[in-house]
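Engineer: Quick one: the structure is below, and I'll ask about it shortly.
Numbering (this note's numbering), first residue to last: 1151 to 1300.
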């Protein structure tokens, strides 16, 4: 049950991250565009396998699905190991993911501008991943304390 709690919390954090990103990017033209980074990464991966690149809604949905799955599994790590320090683990993994979102793209040949355009963009990127980590920690904490799975 502990693994299920970790997975439930991890996916809750990933969904919170994506809801925040999708909402703010529609309201603020200067918001981080993590979606564009994901779309570029997906099409670069497809290209490396000589597959046709995706476009339009297919590209958007495939990227969003991959983002939720990968972040959900990543945030699930918060619930593994000892039960103490869930909040610290959530904050640490969230901040680490945020810094990774800013630093890794350029090192792997992707355009990092959607997440590094301004200092504000960088701070928001880190903050959103931090929020995802904290949501995951909160859900895992609640599930473990009540000994229930959603």
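Glycine residues also receive a C-beta, built at the ideal position from the N, C-alpha and C atoms.
How about residue 1163 and residue 1248: do their beta carbons lie closer than 7 Å?
Structural biologist: Here residue 1163 corresponds to residue number 13 of the chain shown, with the count starting at 1. Here residue 1248 corresponds to residue number 98 of the chain shown, with the count starting at 1. No. Outside cutoff.
Engineer: Since I believe residue 1239 is in contact with residue 1254 (beta carbons under 8 Å), could you give me their beta-carbon distance rounded to a whole number of angstroms?
Structural biologist: Start at 1 with the first residue of the chain shown, and residue 1254 comes out as number 104. Start at 1 with the first residue of the chain shown, and residue 1239 comes out as number 89. Not quite, the Cβ-Cβ distance comes to about 21 Å (not below 8 Å), so this is no contact.
Engineer: Given that a residue counts as buried once 16 or more other Cβ atoms are within 10 Å of its Cβ, and exposed if not, what is residue 1181?
Structural biologist: Looking up residue 1181 in the chain shown gives position 31. Per the 10 Å Cβ criterion, buried.
Engineer: Once you ignore the five residues that flank residue 1168 on each side, which residues in its own chain have a CB closer than 8 Å to its CB?
Structural biologist: For the purposes of this step, residue 1168 is identified with residue 18 of the chain shown, where counting begins at 1. Closer than 8 Å at the Cβ level, and outside the excluded window around residue 1168, lie 1214, 1217, 1218 and 1221.
Engineer: Relative to the C-alpha of residue 1276, which candidate in 1250, 1293, 1176 and 1205 has its C-alpha closest?
Structural biologist: Here residue 1276 is taken as the residue at index 126 of the chain shown, counted from 1. With distances taken between Cα atoms, residue 1276 lies closest to 1250.
Engineer: Tell me the residue span of the alpha helix (DSSP H) that contains residue 1191.
Structural biologist: Position 41 of the chain shown holds residue 1191. Looking at the DSSP string, the run of the alpha helix (DSSP H) that includes residue 1191 is 1184 to 1198.
Engineer: Measuring CA to CA, which of 1193, 1204, 1224 and 1234 is closest to residue 1295?
Structural biologist: If you number the chain shown from 1, residue 1295 lands on position 145. Ranking the options by Cα distance to residue 1295, first place goes to 1234.
Engineer: Helix, strand or coil for residue 1168? Go by DSSP, reduced to three states.
Structural biologist: Start at 1 with the first residue of the chain shown, and residue 1168 comes out as number 18. DSSP places residue 1168 in helix when its eight states are reduced to three.
Engineer: When the Cα of residue 1246 is compared with those of 1272, 1267, 1232 and 1263, which residue comes out closest?
Structural biologist: To locate residue 1246, count along the chain shown from 1; it is residue 96. Sorting 1272, 1267, 1232 and 1263 by C-alpha distance to the C-alpha of residue 1246 places 1272 at the top.
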